[in-house]
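Chains as they are written, first to last, in the UniProt record's numbering: chain A, 1 to 181; chain B, 1 to 300.
Virtual Cβ for every residue (Gly too), placed ideally from N, Cα, C.
The model shown is predicted, which means the values in this text are computed figures rather than measured ones.
Some notes on the structure that comes next.
Have a look at this one:
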């Protein structure tokens, strides 16, 4: 959608394709990431890795590129993560949407505080998310799951964020930058 | 696209998140209320993705094999020495096993032993170990005209892996014996006592509910029991080990961390159905329990 009115030449197919690719980059990479992380790499803690990646991606893109990750897409990402991550249906959806709600609300002042502050906020979000997933999973299947998996998930999510954010912000500035047409 | 005025569009954008959050709760309710639907959706997605994983499986196996090789080269000397000793021991066991087998054959021939029918099985590759944070299961790729059914028993080359819980047209899911929702009726080898093996979502399932006075013995083998008809008797599961808290755990014999191919056994065809009891016997069963209890006492 044009934000600046005015007359300009009609865009060529290549330009339009390029724009679409840049616009769709965040959601597409997240979907591919989720599918890849469900493959049998045999990595230790791979299940936790998938949920860490999903949360970090939704947090980052909601903060820096909310136009590329509208809530319905987040919903779909959550459903995919639930189905492939063997979570009770809806738990990831709820956690991701609440994260997005929080991030969108604090978008005005959060990015200016610098990376360290954003990371600290993310650590808090990851803690709440891990606890919530555990509580929901326990509630839905009426079994007390060992909390060690939850702790591992929280630590992995919090610790992995700087690495993922580095990759995401690199992409945000180069291949997925919306302005460079 | 429908043209909306700017305030309406802004209001819609603001509303979409709360509405979707409400929808998430709805999704949870649906998933809880209609478990069959949730399973069907999951199976459909697994069917859709299993070709992708099947394509990826080969290079992945290569990568894993290479990394294992690199680790293996480091301690090849120590490994070699250990293998030599183990080989020596196994050779002695092999001799014993062959002698016993010959003796067994001889006895069976003398007893006119009727062997049970061999179960039918399907072999399938593991394409994804999709165990989530709170679940332990693997996804198998099966080719469309298959005969895999719910409840079949999955085994690798060493022992029981789990049971088939979901079947699609291209994929099947096996709930591993380590999953927290897995319960397997077992027999302990030394005393023949029954117990239940419960998964814990950790690497080692635990034993529970053994009869008074016949606690599991450290190091004994644990096998499936035919107690409730879910498993045939005598399939190898693992060995007992007491942990620091004095809880009997089972070390699975199956290599659950590196599953690549499993066999799915259909024991339904080999199940033994009891013939109809003669009429007199049926009358006996309908008698009040006190009379039924009295019968064996009289017999003694």
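So which of the options has the shortest CA-CA distance to residue i?
| i | options | result |
| --- | --- | --- |
| residue 51/B | 42/B, 143/B, 187/B | 143/B |
| residue 60/A | 100/A, 141/A, 109/A | 100/A |
| residue 30/A | 54/A, 16/A, 20/A, 13/A | 54/A |
| residue 195/B | 189/B, 185/B, 43/B | 185/B |
| residue 212/B | 205/B, 191/B, 199/B | 191/B |
| residue 19/B | 49/A, 102/A, 97/A, 124/A | 97/A |
| residue 70/A | 114/B, 17/B, 103/B | 17/B |
| residue 84/A | 69/B, 137/B, 98/B, 105/B | 137/B |
| residue 156/B | 32/B, 263/B, 12/B, 42/B | 263/B |
| residue 119/B | 233/B, 101/B, 203/B | 233/B |
| residue 56/A | 120/A, 24/A, 41/A | 120/A |
| residue 54/B | 260/B, 31/B, 81/B | 260/B |
| residue 62/A | 26/A, 177/A, 176/A | 26/A |
| residue 196/A | 47/A, 104/A, 126/A | There is simply no residue 196/A to check, as chain A begins at 1 and stops at 181 in what is shown. |
| residue 19/A | 68/A, 146/A, 138/A | 68/A |
| residue 230/B | 70/B, 152/B, 181/B | 152/B |
| residue 167/B | 72/B, 73/B, 15/B, 47/B | 47/B |
| residue 125/A | 145/A, 153/A, 148/A, 144/A | 153/A |
| residue 33/A | 64/A, 65/A, 78/A, 7/A | 78/A |
| residue 118/A | 64/A, 144/A, 92/A, 89/A | 64/A |
| residue 202/B | 223/B, 179/B, 215/B | 179/B |
| residue 221/B | 171/B, 197/B, 43/B | 197/B |
| residue 155/A | 52/A, 24/A, 106/A, 145/A | 52/A |
| residue 169/B | 22/B, 37/B, 43/B | 43/B |
| residue 150/A | 16/A, 38/A, 49/A, 58/A | 49/A |
| residue 90/A | 30/B, 204/B, 101/B | 30/B |
So that I know if they touch, is there some Cβ in chain A lying closer than 7 Å to that of residue i?
| i | result |
| --- | --- |
| residue 132/B | yes |
| residue 70/B | no |
| residue 188/B | no |
| residue 267/B | no |
| residue 42/B | yes |
| residue 6/B | no |
| residue 289/B | Reliability of the predicted coordinates at residue 289/B is poor, the pLDDT of 47 falling under 50, and no value is obtained from them. |
| residue 264/B | no |
| residue 38/B | yes |
| residue 11/B | no |
| residue 48/B | no |
| residue 351/B | Summary: the structure shown does not reach residue 351/B, with chain B confined to residues 1 through 300, and so no result is reported for it. |
| residue 155/B | no |
| residue 56/B | yes |
| residue 301/B | The shown model of chain B, from 1 to 300, leaves out residue 301/B, and the question about it has no answer. |
| residue 128/B | yes |
Closer than 7 Å, CB to CB, is residue i near chain B or not?
| i | result |
| --- | --- |
| residue 87/A | yes |
| residue 58/A | no |
| residue 94/A | yes |
| residue 71/A | yes |
| residue 110/A | no |
| residue 49/A | no |
| residue 101/A | yes |
| residue 1/A | Confidence is the limiting factor: at residue 1/A the pLDDT is only 49, short of 50, which leaves the residue's position unreliable, though a coordinate-based value still follows. No, no contact with chain B. |
| residue 53/A | no |
| residue 90/A | yes |
| residue 180/A | In this prediction, residue 180/A has a pLDDT of 49, which is less than 50 and means its spatial position is unreliable; what the coordinates show is noted afterwards. Residue 180/A does not count as touching chain B. |
| residue 17/A | no |
| residue 75/A | yes |
| residue 131/A | no |
| residue 97/A | yes |
| residue 83/A | yes |
### Task
Would you mind listing the alpha helix (DSSP H) stretches within the region 67 to 121 of chain A that are 4+ residues and don't spill past its ends, in chain order?
71 to 84, 91 to 105
### Query
Contact between the region 227 to 241 of chain B and the region 85 to 96 of chain B: three or more CB pairs below 8 Å?
no
### Message
Output needed in chain order: residues of the region 240 to 258 of chain B with a Cβ under 9 Å from some Cβ in chain A.
### Response
257, 258
### Task
Determine contact between the region 104 to 112 of chain A and the region 126 to 144 of chain A, defined as no fewer than three beta-carbon pairs at a distance below 8 Å.
no
### Message
Residues of the region 134 to 162 of chain A in Cβ contact with chain B at a cutoff of 7 Å, in chain order, please.
### Response
137, 140, 143, 145, 146, 149, 153
### Task
Please determine if the region 166 to 175 of chain A and the region 67 to 86 of chain A are in contact, where contact requires at least 3 C-beta pairs separated by less than 8 Å.
no
### Task
Give the residues from the region 192 to 211 of chain B that approach chain A closer than 8 Å (Cβ to any Cβ), ordered along the chain.
200, 201, 202
### Task
Can you give me, in chain order, the residues of the region 15 to 31 of chain B that have a beta carbon less than 9 Å from any beta carbon in chain A?
16, 17, 18, 19, 20, 21, 23, 24, 25, 26, 27, 28, 29, 30, 31
### Query
Three or more C-beta pairs closer than 8 Å, one from the region 156 to 164 of chain A and one from the region 4 to 22 of chain A: is that the case here?
no
### Task
Assess, as a yes-or-no matter, whether the region 245 to 254 of chain B is touched by the region 159 to 173 of chain B under the definition of 3 or more beta carbon pairs within less than 8 Å.
yes
### Query
How do the region 197 to 210 of chain B and the region 242 to 249 of chain B stand: do at least 3 beta-carbon pairs fall below 8 Å, yes or no?
yes
### Query
If you scan the region 109 to 190 of chain B from start to end, which runs of the beta strand (DSSP E) of 3 or more residues do you find wholly inside it?
120 to 128, 137 to 141, 153 to 155, 160 to 167, 171 to 176, 183 to 188
#### Entry: Interfacial residues, the region 160 to 191 of chain B to chain A, with Cβ spacing under 8 Å
180, 181
### Message
For the region 136 to 147 of chain B, list every residue whose C-beta sits within 7 Å of some C-beta in chain A, in sequence order.
### Response
137
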